[in-house]
Every structure is written in C-alpha cells, then in structure tokens.
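Number of protein chains: 2
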Amino acid sequence: MAERLTAEARRQALGGIPGWTDIQGRDAIGKTFVFKDFNEAFGFMTRAALVAEKMDHHPEWRNVYKTVEVMLSTHDAGGVTRLDIELATAMNAIAKVTSS
Amino acid sequence: MAERLTAEARRQALGGIPGWTDIQGRDAIGKTFVFKDFNEAFGFMTRAALVAEKMDHHPEWRNVYKTVEVMLSTHDAGGVTRLDIELATAMNAIAKVTSS
C-alpha cells in the first residue's frame, strides 16, 4: 500500500508539478484547470478518468463548463501518497496537450 | 432564450423527474446519483456530457468515485428553466440504463 509522504517529500514532489498546492484544512493536494470550453474540459476529464481507472486511484473533482477543480488524496493512507503525485503529474501532461 | 419557470411550473416539472429537488440557497435543482463504481459513474457523466454539449447547456457537477452530484441552473435566466428540466430528464434516463 502507498504510504503518506513526509512533509519534505511532499514539498519536493509539489515543486515538480506546477499549479498543484496543498488544500487548506484537508490532507490533500489540489489544482484548478481552466480550459477554452466544455469540450476541452471534458476531454481532459475523460483522458484523466482512463488513467485514474487504470491506476485504481480516483480523483475528487468538480466541473463547471470550462473549469475543472481537482482534489487528490489517498483515503486508505489518510493523506497524500505517491499515487496522488503520479495522478497529478499525469493530469498536468494531459492538460498540456488538451489545451488549444 | 429560455425563461425562468414559475414556482408552479417548476413544482410540476420536479414531480416528473424522480430524485431532483430544489437546492437550498440557490435558484437551482440538484440530484446525487450513486452508481456501482467509477466505471459506471464516469460512463454516466460521459453520456450526459454529450447531451449537455448538444443542448449547449452544461451542468455543474462533482464526482467522487461512484457518486455524481449534479446541480442545474440557467445562468442567462438567473434560475431554473425548461433547459434544466430537459437535461435533468435526460440524466435520469441515462442513469437508468447505466446502472447495472
């Protein structure tokens, strides 16, 4: 099972994934992605969903038209693990190629 | 442009779409869909997204694993219109065939 990252490991990991920050009041990381329109936003979500399902590690996310707010945490570990960093990294890569 | 439904028209419309209720504090309607797993939940979202895009009327929604919370409102009209009722009706139909 993935273990909670230490504060230092987490700080370092966040440094490598632009836009992701600690979420206040929760042991989680988050990012708000803003796309051109709903087509791009949901395209991003679809690609991210396939990655998440394959990892068996799923996001908590909210979509309003062109905006996707993502929150990642590992329930079993009670905090942020390497799984969250991996999914966040994948999401950044997907957003990069999704945005026109 | 779609116009805000009267209180009576809205009450009647909600009677025809099981599970949808007024959202407290907002001029909107909402429903929480619970599926078997993420595959079903995101399958539902994907089908609903296609309908929403075709209608050019989009939901505000939040997904956590097998749960999808949906909030519908028509921004231009400042409240609930027939567009929201139509999308809610379509979502109920999609959820029915998506759930195993």
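The listed protein sequences correspond, in order, to chains A and B.
Residues in the first sequence are numbered consecutively from 1, following this note's numbering.
Residues in the second sequence are numbered consecutively from 101, following this note's numbering.
Built from N, CA and C at the ideal position, the CB exists for glycine as well.
Keep in mind the model is a prediction, meaning the values are calculated, not measured.
Legend entry - Where the beta strand (DSSP E) through Gly-130(B) begins and ends: 129 to 134
Legend entry - Residue-chain proximity (Glu-40(A), chain B), Cβ-Cβ < 9 Å: no
Inset, instruction - Give me the Cα-Cα distance between Leu-187(B) and Gln-12(A), rounded to the nearest whole angstrom. - result: 44 Å
Legend entry - Nearest candidate by alpha-carbon position, reference Leu-50(A), set Pro-159(B), Glu-153(B), Tyr-165(B), Ile-185(B): Tyr-165(B)
Inset, instruction - Could you list which residues in chain B have their beta carbon closer than 9 Å to that of Arg-4(A), in chain order? - result: Near Arg-4(A) there are no residues of chain B at all, since even the closest Cβ is about 20 Å away, more than 9 Å.
Inset, instruction - Would you check if there are 3 or more beta carbon pairs closer than 8 Å linking the stretch 12 to 24 of chain A to the stretch 77 to 95 of chain A? - result: yes
Inset, instruction - Spatial neighbours of Lys-131(B) within its chain, please: CB distance less than 6 Å, with the 5 preceding and 5 following residues excluded, ordered by chain position. - result: Gly-119, Trp-120, Val-170
Legend entry - Spatially closest choice to Ile-29(A) from Thr-98(A), Ile-94(A), Lys-54(A), Ala-7(A), by CA coordinates: Ile-29(A) has its Cα closest to that of Ala-7(A), out of Thr-98(A), Ile-94(A), Lys-54(A), Ala-7(A).
Inset, instruction - State the DSSP-derived secondary structure class of Arg-62(A), mapped to helix, strand or coil. - result: strand
Inset, instruction - Starting from Val-8(A), find everything on chain B with Cβ-Cβ shorter than 7 Å and list it in chain order. - result: Before going further, note that residue 8(A) is Glu rather than Val in the sequence given. Listed along the chain, the chain B residues whose CB falls inside 7 Å of the CB of Glu-8(A) amount to none; the nearest CB is some 29 Å away.
Legend entry - Val-180(B) and Asp-127(B) closer than 9 Å at C-beta: yes
Legend entry - Exposure of His-75(A), with buried meaning 16 or more beta-carbon neighbours within 10 Å: When all chains shown are included, His-75(A) counts as exposed.
Inset, instruction - Show which residues of chain A have a CB atom less than 7 Å away from the CB atom of Thr-146(B). - result: Thr-46
Legend entry - Spatial distance of Ser-199(B) from Thr-167(B) (CA atoms): 12 Å
Legend entry - Rounded distance between the beta-carbons of Ala-102(B) and Ala-177(B), thought under 8 Å: 6 Å
Inset, instruction - Could you please give the first and the last residue of the uninterrupted alpha helix (DSSP H) stretch that includes Met-45(A)? - result: 38 to 55
Legend entry - Residues near Ala-152(B) in its chain [Cβ-Cβ closer than 8 Å; skip 5 each side]: Hits under 8 Å: His-158, Pro-159, Leu-187.
Legend entry - Cross-chain neighbours of Val-180(B) in chain A, by beta carbon under 7 Å: Near Val-180(B) there are no residues of chain A at all, since even the closest Cβ is about 16 Å away, more than 7 Å.
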